[in-house]
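Before any comments, here is the structure.
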Amino acid sequence: MRRTWLLFAQTVTIALGIYAVLAAVRPAWIERAPTRVGLGAPGRAVPVLQAPGALGSAPGSYREAAGKAMPAVVNILTSKALRGGHPLLKDPLFRRFFGDKLPPQEQMASLGSGVIVSSDGYILTNFHVIDGADEIEVGLADGRKAAASIVGTDPETDLAVIRIKEDKLPVIVLGEPGQARVGDVVLAIGNPFGVGQTVTLGIISALGRNNLHINHFENFIQTDAAINFGNSGGALVDSRGNLLGINSAIYSQTGGSVGIGFAIPVSTAKNVLDAIVKHGQVVRGWIGIESQDITPELADSFGLGRDRGAIIAGIVRGGPADRAGMQPGDILLAINGKKIANTNDMMNRIADLPPGEKTPMTVMRKNREATLAVTVGRRPRQSP
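Numbering (UniProt numbering), first residue to last: 1 to 384.
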């Protein structure tokens, strides 16, 4: 018995020694295989070999978000007929040399993207993508193509709504307005340079960008996700594939992406969509004023001790502000009791007011505050 015990002890010692050497020299040889509870005795762990990433998303991958949003992003091809035919057709010498090989009677105007936002076929895109188009063709991610009609446009936000009549359309999920934060991961989906649907990755670089002189009403999401020619009208989505904005513009001196792209927030896009679908156009409030921001220098000169608000630089004679008693030089401080930050904030707040509504507006005149009741008018529709 003693001899047997010594033999067992030596065997265990040698085995432990071999294990220690392998653990130090070749640790990968003795890694445990992943396990899951499966067939066998109840509750017994059965070894199951599994290739890395075989189930679920690979670490760091956003393929689920891309796969959720991509089917609802479409390519938009527009054409524009040459009015009165091609001018060279009137040249006898041209016709003599080229005969029946005449240039086409229409030319491609632009190539862009759009986002399906309704199972009824409504598509959001940029106004500049379809501006001046005689025909619009939409290419779906599943290969289908369909003619589209314009439902309505809003040049002041560079948004447009078009519609196609197709069955079983994929629809993007709208993200929650106000949930986006600087540093959040985003994907830009579109059709850059006509190469086909493409997804690029970045983060939100800034929120509320304005005074860029791109649109009349600006509240852009800035991102470093690559946005190029043809991405206009496409989707900017979050890491779950929900729509955060409509890709609209880039800052570039070369025409290519340099990491400064701008998207129209989903909140603005939804408001424009709802208004166009219901009324065919966007109706905004207007009081007939021209204004400028209060800089620290102007605040000092006026003795304000603040740089918030907007200086009324001009009044439209007979307009709502004029009838309410506003004067050039007044400083608009608050609308409906809510303080305004600057001219851009003021314009957006007035635009959101329903025409015909009497609204209290606080102004400062000669260092004294006064509240005026302004009956809001309807903003004249701007020419594209």
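Ideal placement from N, C-alpha and C gives every residue a C-beta, glycine not left out.
> Where Ile-246 and Arg-368 are concerned, what is the direct C-alpha to C-alpha distance, given to the nearest angstrom?
Replying inline: 43 Å
>> Considering only the alpha carbon of each residue, which of Ala-351, Asp-345, Thr-359 and Val-363 lies closest to Pro-328?
In response: Val-363
> Between Val-151 and Ile-162, is the Cβ-Cβ spacing less than 8 Å?
Replying inline: Contact: yes.
> Which residue's Cα is closest to the Cα of Thr-198: Ser-205, Ala-188, Leu-207 and Ile-204?
Replying inline: Closest by alpha carbon: Ala-188.
>> Can you list, in chain order, the residues of its chain with a C-beta nearer than 7 Å to that of Ser-232? Leave out the 5 residues immediately preceding and following it.
In response: Gly-112, Ser-113, Asn-126, His-128, Val-129, Asn-247 and Ser-248
> Would the stretch 210-229 and the stretch 260-268 be scored as touching if the rule is three or more Cβ pairs under 8 Å?
Replying inline: yes
> So what does DSSP say about Asn-344, is it helix, strand or coil?
Replying inline: helix
> Which whole-angstrom value describes the C-beta separation of Ala-321 and Val-283, a residue pair presumed to lie in contact below a C-beta threshold of 8 Å?
Replying inline: Rounded, the Cβ-Cβ distance is 19 Å, inconsistent with contact.
>> Classify Val-376: buried if its beta carbon has 16 or more other beta carbons within 10 angstroms, exposed otherwise.
In response: buried
> If Leu-124 sits next to Leu-174, beta carbons under 8 Å apart, how far is it from one beta carbon to the other, in whole angstroms?
Replying inline: About 10 Å separates the two Cβ atoms, so there is no contact after all.
>> I believe residue 397 touches Ile-287 by the beta-carbon criterion, under 8 Å. Please report the beta-carbon distance rounded to the nearest angstrom.
In response: What is shown of the chain runs 1 to 384, which leaves residue 397 out entirely.
> Are the Cβ atoms of Ala-180 and Thr-200 separated by less than 8 Å?
Replying inline: When the beta-carbon positions are compared, Ala-180 and Thr-200 stay at least 8 Å from each other.
> What residue ranges within the stretch 102-173 form continuous beta strand (DSSP E) runs of no fewer than 3 residues, ordered along the chain?
Replying inline: Whole beta strand (DSSP E) segments, 3+ residues: 106-116, 122-126, 135-139, 145-154 and 159-163.
>> Buried or exposed for Arg-379, going by 16 or more other Cβ atoms inside 10 Å?
In response: Answer is buried; the Cβ neighbour count reaches 16.
>> Taking the beta carbon of Thr-309 as the centre, do at least 16 other beta carbons fall within 10 Å, making it buried, or is it exposed?
In response: In the sequence under discussion, the amino acid at residue 309 is Gly, which differs from the Thr named in the question. Buried, because 16 or more other Cβ atoms sit within 10 Å of the Cβ of Gly-309.
>> Please report the distance separating the alpha-carbon of Thr-153 from that of Ser-267.
In response: 17 Å
>> One question on the structure: do Ala-69 and Gly-241 come within less than 8 Å of each other, judged by their Cβ atoms?
In response: yes
> In chain order, what residues of the same chain lie with their CB nearer than 8 Å to the CB of Glu-333, ignoring the 5 residues before and after it?
Replying inline: Contrary to the premise, residue 333 reads as Leu rather than Glu in this sequence. Taken in chain order, the residues that qualify are Arg-308, Gly-309, Lys-339, Ile-340, Thr-362, Val-363, Met-364 and Glu-369.
> When you compare each of Ile-335, Asn-75 and Ile-203 to Asp-352 by their alpha carbons, which one comes out closest?
Replying inline: Ile-335
>> Suppose the cutoff is 8 Å on Cβ atoms and the five residues either side in sequence are ignored; what does the same chain contact list for Lys-145 look like?
In response: So the list reads Glu-137, Val-138 and Gly-139, once near-sequence residues are dropped.
>> Does Pro-328 come out as helix, strand or coil in the three-state DSSP assignment?
In response: In this structure, DSSP gives Pro-328 a state outside helix and strand, which the three-state scheme calls coil.
> For Leu-273, which of helix, strand or coil comes out of DSSP?
Replying inline: Three-state result, Leu-273: helix.
>> Out of Ala-66, Ala-206 and Lys-270, which one is the CA nearest neighbour of Glu-176?
In response: Of Ala-66, Ala-206 and Lys-270, the smallest CA-CA separation from Glu-176 is found for Lys-270.
>> Taking the beta strand (DSSP E) that Glu-290 belongs to, which residues open and close that run?
In response: 289-293
> Using DSSP with H/G/I as helix, E/B as strand and the rest coil, what is Gly-194?
Replying inline: helix
> Going by other Cβ atoms of all chains shown within 10 Å of its Cβ, with 16 needed for buried, is Pro-192 buried or exposed?
Replying inline: buried
> For Glu-297, which of helix, strand or coil comes out of DSSP?
Replying inline: helix
> Near Ile-345, what residues of its chain come up, given a Cβ to Cβ distance below 6 Å and the 5 sequence neighbours on each side ignored?
Replying inline: Rather than Ile, the amino acid found at residue 345 in this sequence is Asp. Excluding residues within five positions, none has a Cβ falling inside 6 Å.
>> If I measure Cβ to Cβ from Thr-371 and keep anything under 6 Å in the same chain, skipping five residues before and after, which residues do I get?
In response: So the qualifying residues of the chain are Pro-360 and Thr-362.
>> From the DSSP secondary-structure annotation, give me the bridge partner or partners of Glu-369.
In response: Met-364
>> What does the Cβ neighbour count give for Asn-211, buried or exposed, with the cut at 16 atoms within 10 Å?
In response: exposed
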